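Chemist:
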Amino acid sequence: MAFVGPAAVAQASGLQPFMDFKLTVKYGGIANPPVKAAFREAGWRVTKGKRWVVCWGSIFTAAEFAGLHEFQRVNHFPGTWELGRKDNLYRNVAALKRTKGGGDVLSIVPRFFILPRDFDEFKADLDRHPGRLYIQKPVNSSRGRGVRVVVNPHEVPRDAKDILLQHYIDDPYTINGYKFDMRVYVAATCMDPLRVYIYCDGLARFATEAYSGEKADLKKRCMHLTNYTVNKKSTKLAQNQAAYGVATAAAEDAAGKDHAGGQAPTPPKGTKPASHLPYPPSPPPPFTSKWSLKELQAHIEAERGGPAWQSVWSQVHDIVVGAMLAAEPRLNTEVKMKVPHRNICFEVWGFDIMLDSSLRAWLIEVNTCPALNSDSPLDKHLKTSMVADLMNLVGPVPYDYDAYEMEGIARRQARLTGLAQQQPEGGASSARAKNQTAGGNAADTAPAPLPQKDGRVAGAGAGAVGKGGASSGGQGVGLCGPAQIPKTLQEAQEVVFHGLGPEQLPDIIVEAEAELARCRGWERAFPCLSAPTKYLDLFHTPRASNIMLCNYYAQKGASAAERSRMLRAPSARGRPCQGNWRPGGSG
């Protein structure tokens, strides 16, 4: 399913709408105009019932997760507050750093203290550095609520509850004298194996008063806080009114109402999809309170050179992966306990990152539900493009809700009676086969073992070889169907992928490659394509799926053209589809 903007753009790209079924999205809670615009332009219908393909809304309960179908997609992971709560985030990062070291990859947050637990450590730090500035935040709040620079740290009470104190970055990198932070959009599409992406653009959000480190100015929230919710109340706020794609803004305004029709309205002639609308030719005036990250990049490159921005963006990748690895143990456990299938959940977070005067990047917080409102043309353009590209990345597929339910009933009856299951006509197994574009399990082919460096196959005894008499190096293994995931970490490290056809690759690799082909504006942060094993040693718990996926990219990384050729092969888009597949489902 392609999210490419208005219907006319899709048709111009050679994409044709499905005519025999409906694609439905359910909104739970608040759905901002950019979210609605992305789905509306892609021709999706809104439903309030249970026959939906994507649900965009609040975090599900355990019971709600348990009732999901394999092909439904929801925009939150269970356990997401391991990132979204400041105390959880900082503790997780600190715990992983104590265990793994990690160097700069895990040196990503300022020194912090969580009260009342760390009060004695805080007082000791204050005694060592009497002039130190601290910033105080509630551990579970957003939008700048309760955040302040501590004017008299000696007056912080011992019995303060659920308060985070951290070293204040008192030498921020400023532009024209104004402090700012970066809102970086981060997405995960799976926890096992972990797949993490960073959007190519984001926001630079400026304070509305020029920065001063004087003690007399410490109470000025619009000077020291960069949260947009705080600064939009200032009379000095200057919206970025550059023309970031008028067509997209108009489409989002129209999307303010739930779209219950079928075909999206035809856009004006010459309209381009949101992701392709051009940016202004030069950065906005320095007095505007919000820039895109592309505009920030242009400014830093002009001021300090191209390598300076490359260093910043490399640090952003380290921060994102470091934070995700810190939360991964709990997130992985929550998904396995509560979610029926590994690909049901996806999520986008807003990482708030600040630069100091030396352009060192610091993680400030992670927003579980980043604001997707559209207060300016920049917001409208960027956020609509980001959501559309996110849904392309996730790759939701149509399926027949009723057929899936019938097959579930048949499976349960077969287990109770001990009889072989009869496949219902057009059943969910057909949907499962169809879903291989997104990397589901092959319904009609048993997983085969993978070849090892010494000619053995993963999971087999010593001296065993593949069906075709595999030689060392894995050439001509003769595997039939997708391979199984190795059972041990050593086997995952020693799998040889050279010589394997696309239909012999494990599903987790097919999924990863299919996502990479659909990523558009999203850059993969993990596995890192340029250095696939870079972060592997930092996992708290090594997992065979992560090791094997990184191993695959380490072997194939230098031959991106070969990976692209494999994906374009007729059989490489998924496992063979069964003949009785029929798309369907109703709103």
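Quick note on full-length UniProt numbering: the sequence shown kicks off at 1 and runs consecutively.
For every residue, glycine included, the Cβ atom is placed at its ideal position computed from N, Cα and C.
As the structure is a computational prediction, the values presented were derived from the model and not from experiment.
1) Have a look at Cys528 and Thr235 and give me their C-alpha separation to the nearest angstrom.
2) Evaluate Asp127 with the Cβ neighbour count: other Cβ atoms within 10 Å of its Cβ, from every protein chain shown; 16 or more gives buried, anything less gives exposed.
3) Out of Val348, Gln413 and Pro542, point me to the one whose CA is closest to Thr189's CA.
4) What's the gap between the Cα of Val150 and the Cα of Met354?
5) Which same chain residues, not among the five before or five after Leu363, have their C-beta less than 7 Å away from its C-beta?
6) Sort Leu194, Tyr199, Leu218 and Met223 by Cα distance to Thr208 and report the nearest one.
7) Which of the three DSSP states, helix, strand or coil, is assigned to Ala260?
8) Per DSSP, what kind of secondary structure is Ala204 in: helix, strand or coil?
9) For Ser545, which residues in the same chain have their Cβ closer than 8 Å to its Cβ, ignoring the five residues on either side in sequence?
10) Using 8 Å for Cβ pairs, my map puts Thr166 next to Arg111. What's the rounded Cβ distance?
11) Go ahead and pull the three-state DSSP assignment for Pro370.
12) Among the candidates Asn373, Thr288 and Ala326, whose CA atom is the shortest distance from the CA of Asn240?
13) One question on the structure: do Leu500 and Pro542 come within less than 8 Å of each other, judged by their Cβ atoms?
14) Work out the CA separation of Met548 and Leu23 for me, nearest whole Å.
15) Is the beta carbon of Glu334 closer than 8 Å to that of Gly79?
16) Measure from the alpha carbon of Glu523 to the alpha carbon of each residue in Val196, Lys556 and Ala514, then state which is nearest.
17) To the nearest angstrom, how far is the alpha carbon of Pro307 from that of Pro172?
18) Kindly indicate which residue of Arg158, Pro506 and Gln136 has the alpha-carbon position closest to the one of Met148.
19) Rounded to whole angstroms, how far is the Cβ of Leu390 from the Cβ of Ala187, which I believe are closer than 8 Å?
20) Does the structure place the region 325-345 close enough to the region 150-159 that three or more beta carbon pairs sit under 8 Å?
21) Quick one: residues in its chain with C-beta nearer than 8 Å to the C-beta of Arg360, no 5 flanking neighbours on either side, listed in chain order?
22) Would you grab the beta carbon distance between Leu203 and Ile163 for me? Rounded to a whole angstrom, and I think it's under 8 Å.
23) Among Asn367, Ile59, Gly49 and Ala42, which one has its Cα closest to the Cα of Gly29?
24) What do you reckon, are the CB atoms on Asn367 and Ser142 nearer than 8 Å?
25) Do the CB positions of Arg330 and Glu82 come within less than 8 Å of each other?
26) Ignoring anything shorter than 3 residues, give me the beta strand (DSSP E) runs that lie fully in the region 515-560, in order along the chain.
27) Tell me the DSSP bridge mates of Ser292?
28) Please report the residue range of the alpha helix (DSSP H) in which Val25 lies.
29) Rounded to the nearest angstrom, what separates Thr226 and Leu378 at their Cα positions?
30) Is Asp192 helix, strand or coil by DSSP?
31) May I ask you to report which of helix, strand or coil DSSP gives Glu70?
32) Taking Ala38 as the reference, give the member of Arg51, Val139, Trp56 and Tyr211 with the closest Cα.
33) Hey, Tyr211 and Tyr168 are a contact pair by Cβ (cut 8 Å); roughly how many whole angstroms apart?
34) Strictly by DSSP, which residues pair up with Trp349?
35) Beta-carbon separation of Val105 and Tyr535 under 8 Å?
36) Alpha helix (DSSP H) containing Val151: first to last residue?
Modeler: Here's the rundown:
1) Walking along the sequence shown from the start, residue 528 turns up at place 528. Walking along the sequence shown from the start, residue 235 turns up at place 235. Taking the straight line from one Cα to the other gives about 44 Å.
2) By 1-based counting over the sequence shown, the position of residue 127 is 127. Exposed is the label assigned to Asp127, since fewer than 16 other Cβ atoms lie within 10 Å of its Cβ.
3) Walking along the sequence shown from the start, residue 189 turns up at place 189. Residue Val348 holds the alpha-carbon nearest to the alpha-carbon of Thr189 among Val348, Gln413 and Pro542.
4) By 1-based counting over the sequence shown, the position of residue 150 is 150. By 1-based counting over the sequence shown, the position of residue 354 is 354. Cα-Cα distance, rounded: 19 Å.
5) What you label residue 363 is simply residue 363 of the sequence shown in a count that begins at 1. Closer than 7 Å at Cβ, skipping near neighbours: Ile108, Val109, Ile319, Ala323, Phe351 and Ile353.
6) Against the sequence shown, residue 208 aligns to sequence position 208. The residue among Leu194, Tyr199, Leu218 and Met223 with its C-alpha nearest the C-alpha of Thr208 is Met223.
7) For the purposes of this step, residue 260 is taken as the residue at position 260 of the sequence shown. Interpretation of Ala260 is limited by its pLDDT of 38, a score under 50 that renders its predicted location unreliable; the figure taken from the coordinates is listed afterwards. Reduced to three states, the DSSP call for Ala260 is coil.
8) By one-based count along the sequence shown, residue 204 stands at place 204. The three-state secondary structure of Ala204, taken from DSSP, is strand.
9) In the sequence shown, the residue the question calls residue 545 occupies position 545. Taking Ser545 as the centre and dropping the five residues before and after it, the same chain places the C-beta of Asp192, Pro193, Ile485, Ala492 and Ile508 closer than 8 Å to its C-beta, in chain order.
10) Start at 1 with the first residue of the sequence shown, and residue 166 comes out as number 166. Start at 1 with the first residue of the sequence shown, and residue 111 comes out as number 111. Looking at the sequence itself, residue 166 is Gln, so the reference to Thr does not match. That pair is a contact at about 7 Å.
11) In the sequence shown, the residue the question calls residue 370 occupies position 370. Note: Pro370 maps to coil in three-state DSSP.
12) Mapped onto the sequence shown, residue 240 falls at position 240. A check of alpha carbon separations from Asn240 across Asn373, Thr288 and Ala326 identifies Thr288 as the nearest.
13) Numbered from 1 along the sequence shown, position 500 holds the residue referred to as residue 500. Numbered from 1 along the sequence shown, position 542 holds the residue referred to as residue 542. No; because the gap between Cβ atoms is not below 8 Å, this pair is not in contact.
14) Here residue 23 corresponds to residue number 23 of the sequence shown, with the count starting at 1. Here residue 548 corresponds to residue number 548 of the sequence shown, with the count starting at 1. For Leu23 and Met548, the distance between alpha carbons rounds to 34 Å.
15) Here residue 79 refers to the residue found at position 79 when the sequence shown is read from its first residue. Here residue 334 refers to the residue found at position 334 when the sequence shown is read from its first residue. Judged by their CB atoms, Gly79 and Glu334 are nearer to each other than the 8 Å cut-off.
16) Here residue 523 corresponds to residue number 523 of the sequence shown, with the count starting at 1. Taking Glu523 as reference, the option from Val196, Lys556 and Ala514 with the minimal CA-CA separation is Val196.
17) Position 307 of the sequence shown, counting from 1, holds the residue named residue 307. Position 172 of the sequence shown, counting from 1, holds the residue named residue 172. The alpha-carbon atoms of Pro307 and Pro172 are separated by roughly 19 Å.
18) Walking along the sequence shown from the start, residue 148 turns up at place 148. In the sequence as displayed, the identity of residue 148 is Arg instead of Met. Residue Gln136 is the option with its Cα nearest to Arg148.
19) As a position in the sequence shown, residue 390 is number 390, starting the count at 1. As a position in the sequence shown, residue 187 is number 187, starting the count at 1. About 6 Å separates the Cβ atoms of Leu390 and Ala187, confirming a contact at the 8 Å cut-off.
20) The answer is no - the region 325-345 does not touch the region 150-159, with fewer than three Cβ pairs under 8 Å.
21) As a working note, residue 360 is residue 360 in the sequence shown. Once the five neighbours on either side are set aside, the close Cβ partners of Arg360 are Gln315.
22) Residue numbering aside, residue 203 sits at position 203 when the sequence shown is read from its first letter. Residue numbering aside, residue 163 sits at position 163 when the sequence shown is read from its first letter. That pair is no contact at about 28 Å.
23) On the sequence shown, position 29 is the one that residue 29 refers to. Measuring from the Cα of Gly29, the nearest candidate turns out to be Ile59.
24) Looking up residue 367 in the sequence shown gives position 367. Looking up residue 142 in the sequence shown gives position 142. Yes, these two residues count as a Cβ contact at 8 Å.
25) Taking the sequence shown and counting its residues from 1, the one referred to as residue 330 is at position 330. Taking the sequence shown and counting its residues from 1, the one referred to as residue 82 is at position 82. Closer than 8 Å, so yes.
26) Under the rule that a run must span 3 or more residues, the beta strand (DSSP E) segments found entirely inside the region 515-560 read 522-526.
27) Within the sequence shown, residue 292 is the residue found at index 292, counting from 1. Here Ser292 is bridged, per DSSP, to Leu203.
28) The residue given as residue 25 occupies position 25 in the sequence shown. Judged by DSSP secondary structure, Val25 falls outside any alpha helix (DSSP H) and instead within the beta strand (DSSP E) spanning Thr24 to Tyr27.
29) For the purposes of this step, residue 226 is taken as residue 226 along the sequence shown, with counting starting at 1. For the purposes of this step, residue 378 is taken as residue 378 along the sequence shown, with counting starting at 1. Between Thr226 and Leu378, the C-alpha separation is close to 17 Å.
30) What you label residue 192 is simply residue 192 of the sequence shown in a count that begins at 1. Coil at Asp192, not helix or strand.
31) In the sequence shown, counting from the first residue as 1, residue 70 sits at position 70. Reduced to three states, the DSSP call for Glu70 is coil.
32) Here residue 38 is taken as the residue at index 38 of the sequence shown, counted from 1. The residue with the shortest Cα to Cα distance from Ala38 is Trp56.
33) Residue mapping note: residue 211 aligns to position 211 of the sequence shown, counting from 1. Residue mapping note: residue 168 aligns to position 168 of the sequence shown, counting from 1. For a cut-off of 8 Å, the C-beta gap from Tyr211 to Tyr168 is around 12 Å, too long to register as a contact.
34) By one-based count along the sequence shown, residue 349 stands at place 349. The beta-bridge partner set that DSSP reports for Trp349 consists of Val186.
35) Against the sequence shown, residue 105 aligns to sequence position 105. Against the sequence shown, residue 535 aligns to sequence position 535. Going by beta carbons, Val105 and Tyr535 fall inside the 8 Å limit.
36) Here residue 151 corresponds to residue number 151 of the sequence shown, with the count starting at 1. From DSSP, Val151 is part of no alpha helix (DSSP H); its letter is neither H nor E.
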